[in-house]
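What follows is a short report on a single structure.
Protein chains: 2
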Amino acid sequence: MTHEAGIPLGIRFKLLSDTPQDSAAQVVGDVVVGDYRDLDTLRAFARGCDVITFDHEHVPTEHLRALEADGIPVRPGPDALVHAQDKGVMRAKLDAIGVPCPRHRIVADPEDVAAFAAEGDGFPVVLKTVRGGYDGKGVWVVGSVEEAAEPFRAGVPVLAEEKVDFVRELAANVVRSPHGQAVAYPVVESRQVNGVCDTVVAPAPDLDETLALRAEEMALNIAKELGVVGHLAVELFQTRDGRVLVNELAMRPHNSGHWSQDGAITSQFANHVRAVLDLPLGDPRPRAKWTVMVNVLGGDYPDMYSAYLHCMARDPQLKIHMYGKDVKPGRKVGHVNTYGDDLDDVLERARHAAGYLRGTITE
Amino acid sequence: MTHEAGIPLGIRFKLLSDTPQDSAAQVVGDVVVGDYRDLDTLRAFARGCDVITFDHEHVPTEHLRALEADGIPVRPGPDALVHAQDKGVMRAKLDAIGVPCPRHRIVADPEDVAAFAAEGDGFPVVLKTVRGGYDGKGVWVVGSVEEAAEPFRAGVPVLAEEKVDFVRELAANVVRSPHGQAVAYPVVESRQVNGVCDTVVAPAPDLDETLALRAEEMALNIAKELGVVGHLAVELFQTRDGRVLVNELAMRPHNSGHWSQDGAITSQFANHVRAVLDLPLGDPRPRAKWTVMVNVLGGDYPDMYSAYLHCMARDPQLKIHMYGKDVKPGRKVGHVNTYGDDLDDVLERARHAAGYLRGTITE
Numbered sequence: 001m002t003h004e005a006g007i008p009l010g011i012r013f014k015l016l017s018d019t020p021q022d023s024a025a026q027v028v029g030d031v032v033v034g035d036y037r038d039l040d041t042l043r044a045f046a047r048g049c050d051v052i053t054f055d056h057e058h059v060p061t062e063h064l065r066a067l068e069a070d071g072i073p074v075r076p077g078p079d080a081l082v083h084a085q086d087k088g089v090m091r092a093k094l095d096a097i098g099v100p101c102p103r104h105r106i107v108a109d110p111e112d113v114a115a116f117a118a119e120g121d122g123f124p125v126v127l128k129t130v131r132g133g134y135d136g137k138g139v140w141v142v143g144s145v146e147e148a149a150e151p152f153r154a155g156v157p158v159l160a161e162e163k164v165d166f167v168r169e170l171a172a173n174v175v176r177s178p179h180g181q182a183v184a185y186p187v188v189e190s191r192q193v194n195g196v197c198d199t200v201v202a203p204a205p206d207l208d209e210t211l212a213l214r215a216e217e218m219a220l221n222i223a224k225e226l227g228v229v230g231h232l233a234v235e236l237f238q239t240r241d242g243r244v245l246v247n248e249l250a251m252r253p254h255n256s257g258h259w260s261q262d263g264a265i266t267s268q269f270a271n272h273v274r275a276v277l278d279l280p281l282g283d284p285r286p287r288a289k290w291t292v293m294v295n296v297l298g299g300d301y302p303d304m305y306s307a308y309l310h311c312m313a314r315d316p317q318l319k320i321h322m323y324g325k326d327v328k329p330g331r332k333v334g335h336v337n338t339y340g341d342d343l344d345d346v347l348e349r350a351r352h353a354a355g356y357l358r359g360t361i362t363e
Numbered sequence: 001m002t003h004e005a006g007i008p009l010g011i012r013f014k015l016l017s018d019t020p021q022d023s024a025a026q027v028v029g030d031v032v033v034g035d036y037r038d039l040d041t042l043r044a045f046a047r048g049c050d051v052i053t054f055d056h057e058h059v060p061t062e063h064l065r066a067l068e069a070d071g072i073p074v075r076p077g078p079d080a081l082v083h084a085q086d087k088g089v090m091r092a093k094l095d096a097i098g099v100p101c102p103r104h105r106i107v108a109d110p111e112d113v114a115a116f117a118a119e120g121d122g123f124p125v126v127l128k129t130v131r132g133g134y135d136g137k138g139v140w141v142v143g144s145v146e147e148a149a150e151p152f153r154a155g156v157p158v159l160a161e162e163k164v165d166f167v168r169e170l171a172a173n174v175v176r177s178p179h180g181q182a183v184a185y186p187v188v189e190s191r192q193v194n195g196v197c198d199t200v201v202a203p204a205p206d207l208d209e210t211l212a213l214r215a216e217e218m219a220l221n222i223a224k225e226l227g228v229v230g231h232l233a234v235e236l237f238q239t240r241d242g243r244v245l246v247n248e249l250a251m252r253p254h255n256s257g258h259w260s261q262d263g264a265i266t267s268q269f270a271n272h273v274r275a276v277l278d279l280p281l282g283d284p285r286p287r288a289k290w291t292v293m294v295n296v297l298g299g300d301y302p303d304m305y306s307a308y309l310h311c312m313a314r315d316p317q318l319k320i321h322m323y324g325k326d327v328k329p330g331r332k333v334g335h336v337n338t339y340g341d342d343l344d345d346v347l348e349r350a351r352h353a354a355g356y357l358r359g360t361i362t363e
């Protein structure tokens, strides 16, 4: 999707891909298949690139530092990206710059988890491995000291967090360029199902203006303080007592910003490319009153293409974005966007299409 | 741009390109370099394709028939496409189905041109080679029998047409699918400079509703009668006495429809892909009150990239579409789209950006 956004600007991508079947490898012309964890591979790949960016956070921080030392601009740079790679580093930094977070602490073992729980309202407690988690992986909600054993088995540091009593989840998406220009997308509501983002509504319905502004300012401030270049998604909890707390950070175009492809004047992908190239940023404002994104998860039918017929005929305004992935049950294989003036209608259209593509609606 | 529109639907393109440097070859992954005039090349290329379409009209009609005979769906098919390839065939067909055209006749030599002129209002007369012309090439406006010699030198049939006293040029863009579904984009005004499209305004300002409807119906009717599959652009003259006459036909996404990338709910490229694949068509209606497209022509500066800084900073809503072509003076190398509620503002922004990218504005 970043390649797609780069085409109109004549931006040529070279892709380092795990396999020739990866989504991006299916559409980018210049593909190198290799392992991003191997420094020699990265160095060979980086030769001749003007700048390097990512569609995930998993490239080892020390490899990015090595590329920078070789003179290759890496955006976002390792000093920023580490905050999206390591939840321990992220929490420490957000504490230091005064950004409100759930109560948290690195914990050593199940007994330490029990102590952490006792310091607050007791169990349940959220445990996260500090590196490598996403979409609910690497995250446990534990109700007792016995249940707290599992996260420690991998032998990586574990972060304990209070289980926040939230009303809903929000996301504040911002983009920042190397010369410090920044833009903020409207704060969106993100609805999760089984720990995976299901629906995003832009802008977040019935969000108090002051709270929305505070969330945008918070995201812009985090981008500045962490030296982010490119897109930053700040996932937030809106608490019952009217605060916003930072849940997670992502430094790349993010699922909570996919609505912008069809709903904003400039999409998150276009602005990420512009930021990474230090070009002036585009207008992030919405083009419609409401835009809804619903993720398409893999279902029981491997062929989603035949579902296009129904979905496109039913809703000529529907925007389908499929990733070319093999369909596996529960895997994110695409998303749909709808927009319009009537939120109920926009939500219904997006949900119907995503459900039909998945195979859970067969009317 | 068609590839760009196919990405979200997971449509995989295989490209037959003249050179590895062609615009499309820079962004499509699967490229075969070869000559579209060579049937063996076409046949080898077509093997394994589900369907074939074009970004120009120059593939020989008989080769397309051969591919069809091989069982490869060609969309638009040769029986339709020939009307966009051969202006003589096109005029004969439009006459037969009762579509108003400028007065015209195939002419044999300069004396025949003089006779054609005398049958109407005399010189000037427009002469066109029946095949191979575009962007003013293959077209002559001749003021005398002496000037009429040139077009006959190539030894191809020549079509004579009255020089229409037009108020302005319009274009009616429609898309038709194999099962006969069709959509019509709003009729646009197309402003030419030196025979090359310069500016497109969507919808055409101050266009009488009845005339707009007549133009849309005419384009839909042509698409149906000619059996067009995919995008059809009907270039029109709006005459001083309130009629619309067909100037040219193009059967592919067309310059007069580029505004739709940022100005319509579904772009001409997305709808062309959907039609070619016999998928239901998307909504062609505009998303903004006014959308303006201005072509970017090559200027004296080979580096257009540095102009991005000024253009993007001046207008955060600007949409730049560059084709990755080598910059040659006067060559179409890209276009810009702007949209909004105030036509003067939208026009000024597009013209400024295109002029700055070309180098004719350096403020």
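Respectively, the protein sequence lines represent chains A and B. Take the first sequence: its letter number 80 is residue 80 in full-length UniProt numbering, and every next letter is one higher. Take the second sequence: its letter number 309 is residue 309 in full-length UniProt numbering, and every next letter is one higher. From the three backbone atoms N, C-alpha and C, an ideal C-beta is built for every residue, glycine too. Everything numeric in this text was worked out from a predicted model, so none of it was measured.
Close-in-space but distant-in-sequence residues of the same chain around residue i (CB under 6 Å, 5 per side omitted)
i, result
"Thr107 of chain B", "One detail in the question is off: residue 107 of chain B reads as Val in this sequence, not Thr. Only Val113, Phe116, Val158, Ala160 meet the Cβ criterion."
"Met312 of chain B", "none"
"Pro78 of chain B", "Thr61, Leu64, Arg65"
"Pro110 of chain B", "Val145, Ala148, Ala149"
"Val167 of chain B", "Gln238, Arg240"
"Asp341 of chain A", "Lys289"
Supposed contact pair residue j and residue i - C-beta distance, whole angstroms, cut 8 Å
i, j, result
"Ala233 of chain B", "Asn173 of chain B", "5 Å"
"Gly330 of chain A", "Leu297 of chain A", "5 Å"
"Glu216 of chain B", "Ala184 of chain B", "4 Å"
"Leu226 of chain B", "Lys319 of chain B", "Wrong, their Cβ atoms sit about 32 Å apart, outside the cutoff."
"Asn271 of chain B", "His231 of chain B", "7 Å"
"Glu119 of chain B", "Arg252 of chain B", "With 8 Å as the limit, Glu119 of chain B and Arg252 of chain B do not qualify as a contact, their Cβ atoms being about 34 Å apart."
Alpha carbon of residue i to alpha carbon of residue j, nearest angstrom
i, j, result
"Val200 of chain A", "Cys101 of chain A", "22 Å"
"Asn295 of chain B", "Lys224 of chain B", "30 Å"
"Ala69 of chain B", "Pro76 of chain B", "15 Å"
"Gly257 of chain B", "Gln268 of chain B", "6 Å"
"Val273 of chain A", "Gln181 of chain A", "14 Å"
"Tyr305 of chain B", "Pro124 of chain B", "43 Å"
"Glu189 of chain A", "Gly334 of chain B", "37 Å"
"Asn194 of chain B", "His83 of chain A", "56 Å"
"Leu9 of chain B", "Gly6 of chain A", "17 Å"
"Thr19 of chain B", "Gln26 of chain A", "21 Å"
"Glu169 of chain A", "Val196 of chain A", "12 Å"
"Val28 of chain B", "Val28 of chain A", "7 Å"
"Asp206 of chain A", "Gly242 of chain A", "13 Å"
"Val126 of chain A", "Pro186 of chain B", "55 Å"
"Met90 of chain A", "Asp315 of chain A", "42 Å"
"His104 of chain A", "Glu162 of chain A", "6 Å"
"Ile52 of chain A", "Ala250 of chain A", "17 Å"
Chain-order list of residues whose beta-carbon lies under 7 Å from that of residue i (same chain, five-residue window excluded)
i, result
"Ala24 of chain A", "His3, Leu15, Ser17, Asp55"
"Gly48 of chain A", "none"
"residue 364 of chain A", "Given that chain A is displayed from residue 1 to residue 363, the structure contains no residue 364 of chain A and the question cannot be resolved."
"Tyr339 of chain B", "Asp262, Gly263, Ala288, Trp290, Thr291, Val346"
"Ala154 of chain B", "Thr129"
"Arg131 of chain A", "Gln85, Asp86, Val156"
"Gly138 of chain A", "Lys128, Thr129, Gly132"
"Gln21 of chain A", "none"
"Tyr356 of chain B", "Ala307, His310, Cys311"
"Leu39 of chain B", "His63, Ala66"
Nearest to residue i (by Cα), restricted to the options the options
i, options, result
"Asp30 of chain B", "B:Ala184, B:Val156, B:Ala46, B:Ala212", "B:Ala46"
"Asn221 of chain B", "B:Asp326, B:Val99, B:Val292, B:His321", "B:Val99"
"Gly122 of chain A", "A:Val141, A:Lys137, A:Arg131", "A:Val141"
"Asp50 of chain B", "B:Val346, B:Arg12, B:Phe152, B:Asp86", "B:Arg12"
"Gly359 of chain B", "B:Ala307, B:Asp38, B:Pro253", "B:Ala307"
"Arg176 of chain A", "A:Ala204, A:Pro151, A:Val228, A:Ala212", "A:Val228"
"Val74 of chain B", "B:Val276, B:Asn255, B:Ile361, B:Lys332", "B:Val276"
Close-in-space but distant-in-sequence residues of the same chain around residue i (CB under 8 Å, 5 per side omitted)
i, result
"Lys328 of chain B", "Gly298"
"Asp35 of chain A", "Asp18, Thr41"
"Asp198 of chain A", "Arg191, Gln192, Val294, Asn295"
"Asp165 of chain A", "Thr239, Arg240"
Do the region 255–272 of chain A and the region 281–301 of chain A touch if we need at least three Cβ pairs shorter than 8 Å?
Flag = yes, the region 255–272 of chain A and the region 281–301 of chain A touch.
Would you call the region 351–358 of chain A and the region 242–252 of chain B in contact, with 3 or more CB pairs under 8 Å?
Taking 8 Å as the limit for Cβ pairs, the verdict is that the region 242–252 of chain B does not touch the region 351–358 of chain A.
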